[in-house]
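Since the structure comes first, as structure tokens, the remarks are kept for the end.
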Amino acid sequence: MKIAILPGDGIGTEIVAEAVKVLNVLDLKFETETALVGGAAYEAHGHPLPESTLNLARSADAILFGAVGDWKYDKLERALRPEQAILGLRKHLGLFANFRPALCYEQLTSASSLKPELVAGLDILIIRELTGDIYFGQPRGRRIAVDGHFPGAEEAFDTMRYSKPEIERIAHVAFQAARKRSKKVTSVDKANVLETFQFWKDVVTEVHAQYPDVELQHMYVDNAAMQLVKAPKAFDVVVTGNMFGDILSDEAAMLTGSIGMLPSASFDKNNKGLYEPSHGSAPDIAGKGVANPLATILSAAMMLRFTLDQPQAADRIESAVKAVLSAGLRTADLWSEGTKKVGTREMGDAVVAAISGNFAGKTITKT
Ligand code: NAD
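Numbered by my numbering, the letters in the sequence shown go through residues 3 to 369 in order.
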């Protein structure tokens, strides 16, 4: 098995280093190869997703990705901005299904911005369609308006679109995932206003006929945003389009205590996966050694479980994360009175120690 390691920009390099450290202590057989991506690749090769990086990602069995982006690239033409690298990888590798589990660890209930009783035991899975919708729809651009409220004025436009097969395949992914959980899917749309999402709702309903054992609920996105903070535990699997999924998964992240806790996986039709934290490159804290590496470490655990077929190794990582949280270790994003503030490297070292048996006398044995 070969893992492509793409740290990227900002805190990407810091958090991926910790995840690699954790993978290396597990004593598994895999090969890794590291490449530049995002702003770092632009600086070195003049493009955020150079051919060599794309080829490595294509040839690898799995990809561990950090994050890309920095405000200093905001003035570059769009095609050369760092964010195009992750969009390009999703597009070129056909990574259409994004899994974002939002799990509130018992030890972090007080770090959530919601009351502990609302988030204790929270375990929901947001499945976001990743290669369609308004983020990829053509045409898009700027022009002089010929109609609308201000004909003759400069305007910008994007295109929201979904084809039937695109909706069908993500709906199948969601119903199949729900079968392994509590058999309940909430499909989030805006069918009351948008033609694209009326179509989404119709197609999801059609696919549901093949999964009579799974309960399907439809919900408008504005209501879903409200319900997520009102009664998040009422959800189990949430399936939605690219843009709504982008927003709702960040909202769900805060329920878990911090966006620094949220792993994610993106799959193609053959289950090849790109694994990354749900957050960005956090330029505001980059280089300070304070970023939370746990979302990336937990993404590596997802990689072991879903692509590398090493569920026991994944369990060991997840148990080690729980052990360090139970011991009161917190990066700055999670810190509160009575807990011990640690930096990125210390948190990674603690997870490594918990796996290898040198952490507070506890060994995380194979389960
Ligand atoms: P962000 O997720 O980078 O940061 C949002 C806030 O969360 C910041 O205050 C940041 O300090 C904090 N944060 C994020 N990750 C953290 C961690 N691991 N530990 C502690 N705190 C953390 O989002 P943003 O500020 O909107 O975007 C910054 C850059 O990242 C932009 O260039 C954006 O385009 C890019 N971005 C990239 C990806 C990706 O690579 N997949 C995703 C989102 C944003």
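We put the CB at the ideal spot given by N, CA and C, even for glycine.
Quick one: give me the first and last residue of the beta strand (DSSP E) that K166 is part of.
Per DSSP, K166 belongs to no beta strand (DSSP E); it is in the alpha helix (DSSP H), 166 to 181.
- Item | Any non-hydrogen atom of the ligand NAD within 8 Å of S283 CB | yes
Exercise. Pull up the CB-CB distance for K185 and E217, whole angstroms please, since I reckon it's below 8 Å.
Key: 6 Å
Run through the DSSP bridge pairs and tell me what S268 is partnered with. N100, L276
- Query: If you run the structure through DSSP and keep just helix, strand and coil, what is G10?
  - Reply: strand
Worksheet item: How is I287 classed by DSSP in three states: helix, strand or coil?
Response: coil
message = Using 9 Å as the threshold, is the C-beta distance between L310 and D29 below it?
response = no
Grouping DSSP H, G and I as helix and E and B as strand, with all else coil, what is H49? coil
Taking all protein chains shown into account, decide if A254 is buried (16 or more other Cβ within 10 angstroms of its Cβ) or exposed. buried
**Prompt:** For F263, is the classification buried or exposed, using 16 other Cβ atoms within 10 angstroms of its Cβ as the cut-off for buried?
**Reply:** In the sequence as displayed, the identity of residue 263 is Met instead of Phe. Its Cβ being crowded by 16 or more others within 10 Å, M263 is buried.
- Query: Can you list, in chain order, the residues of its chain whose CB lies under 6 Å from that of W337, leaving out five sequence neighbours each side?
  - Reply: K343
query = Buried or exposed: A356, going by 16 or more other Cβ atoms within 10 Å of its Cβ?
reply = buried
Exercise. Is the Cβ-Cβ distance between V292 and A233 less than 9 Å?
Worked result: no
- With a CB to CB cut of under 6 Å and the five nearest residues on each side skipped, what residues in its chain are close to G350? E20, K23, P295
Of the residues Y75, V175, R60, the one placed nearest E45, counting alpha carbons only: Y75
(Q) What would DSSP say about T365, mapped onto helix, strand or coil? (A) The predicted model places T365 with a pLDDT of 43, which falls under 50 and marks its position as unreliable; any figure quoted below should be read in that light. If DSSP states are grouped into helix, strand and coil, T365 belongs with coil.
Next item on the list: Determine, using beta carbons only, whether D252 and S280 come nearer to each other than 9 Å.
Entry: yes
Let me confirm a value: G41 is counted as buried when at least 16 other C-beta atoms fall within 10 Å, else exposed. Which label applies? buried
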